[in-house]
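Some notes on the structure that comes next.
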Amino acid sequence: SLGQLHTLKIKSCSQLEDIIQDSQVAYKCLLQSLKTVKIKRCNNLKYMFPMLVANSLGQLHALKIKSCSQLEDI
Numbered sequence: 003s004l005g006q007l008h009t010l011k012i013k014s015c016s017q018l019e020d021i022i023q024d025s026q027v028a029y030k031c032l033l034q035s036l037k038t039v040k041i042k043r044c045n046n047l048k049y050m051f052p053m054l055v056a057n058s059l060g061q062l063h064a065l066k067i068k069s070c071s072q073l074e075d076i
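Just so we're aligned, residue 3 is where the sequence shown starts under the numbering used here, counting upward by one.
So, in structure tokens, the structure goes:
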């Protein structure tokens, strides 16, 4: 299940605009074990997580973002 996910890697997803939308905030508890997020070459990515989701990422130790030219907010 997503509740046991420790690492999230997304690479070369050119149409991706956000990882979790505001309407999906109910999923925030599913990412509480997430420790590492790596995002690379997602040029249309604008937003990663809504604030409520970001606040629930207490185990997150590493966040690496590369070549995401449209990113407005983490």
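Glycine included, every Cβ here is placed at the ideal spot set by N, Cα and C.
query	result
When Gln6, Thr9, Leu7 and Ser69 are compared against Arg43, the one with the closest alpha-carbon	Ser69
Pick from Pro52, Lys66 and Leu32 that is closest to Lys13, judged by C-alpha positions	Lys66
Cα-Cα separation between Ser35 and Val55, rounded to whole angstroms	12 Å
Under the three-state DSSP convention, the category Leu10 falls into	strand
Distance between Thr38 and Asn57 (C-alpha atoms, nearest Å)	15 Å
Cβ shell of Ile76 (< 6 Å), same chain only, five flanking positions each side left out	Met50
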